[in-house]
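Engineer: Sharing a structure, written as structure tokens. Questions coming.
Numbering (the numbering used here), first residue to last: 2 to 158.
Right, dumping it as structure tokens:
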């Protein structure tokens, strides 16, 4: 059985622009984002230029806690996904996400017999309520069984 995907929105994190409008404006103006490397000494290397993403602000997309806990390349992927969903004007039809969830963190946690288990830490939107059973039920059937959280911690306001 083959699965198909339709791209309906754009989310861009690139050296010449964050977001489709800035990216497109820079493309039209001939700006590639390629600059002299400034993050490290290049005197021992032949290549002195690169397309580095220098104007990305993770706090424009995530809470400070999430920005701190997430590596930079994952931040790029998460931010571009957010932009693509917004650009596509997608409405996720389940009321659990995104309307009632402010933030989700998924971690591996030492479980029974020293094995690692999946734990989701969820911060609901202000005034929303969620419970562990509801979150687990939402995840079942949407992902591989081993990825479904076994433990869900709903943070209180």
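Built from N, CA and C at the ideal position, the CB exists for glycine as well.
#1: Using 10 angstroms around the beta-carbon of residue 81, count the other beta-carbons present and answer buried if the total reaches 16, otherwise exposed.
#2: Are the stretch 46 to 56 and the stretch 7 to 22 in contact at 8 Å, needing three or more beta carbon pairs?
#3: Please return the same chain residues whose Cβ sits closer than 8 Å to the Cβ of residue 24, not counting the five positions on each side in sequence.
#4: Going by DSSP, what residues sit across from residue 102 in a beta bridge?
#5: Less than 6 Å between the CB of residue 42 and some heavy atom of the ligand SAH, yes or no?
#6: Where do the ends of the alpha helix (DSSP H) carrying residue 38 lie?
#7: How about residue 124 and residue 151: do their beta carbons lie closer than 7 Å?
#8: Could you give the distance in angstroms between the alpha-carbon of residue 105 and the alpha-carbon of residue 32?
#9: Does the beta-carbon distance from residue 153 to residue 136 come in below 7 Å?
#10: Ends of the alpha helix (DSSP H) at residue 145?
#11: For residue 77, report the span of its alpha helix (DSSP H) as first-last.
#12: For the alpha helix (DSSP H) containing residue 133, name the first residue and the last one.
#13: Considering only residues of the stretch 4 to 33, which uninterrupted alpha helix (DSSP H) runs meet the minimum length of 4 residues and lie entirely inside it, listed in chain order?
Structural biologist: Based on what the coordinates show:
#1: buried
#2: yes
#3: 13, 15, 17 and 18
#4: 125
#5: No copy of the ligand SAH occurs in the structure displayed, which carries no ligand at all.
#6: Unbroken run through residue 38: none, as it is neither H nor E.
#7: no
#8: 36 Å
#9: yes
#10: Where residue 145 is concerned, there is no enclosing alpha helix (DSSP H), given that its DSSP letter is neither H nor E.
#11: 73 to 88
#12: 133 to 140
#13: 21 to 29
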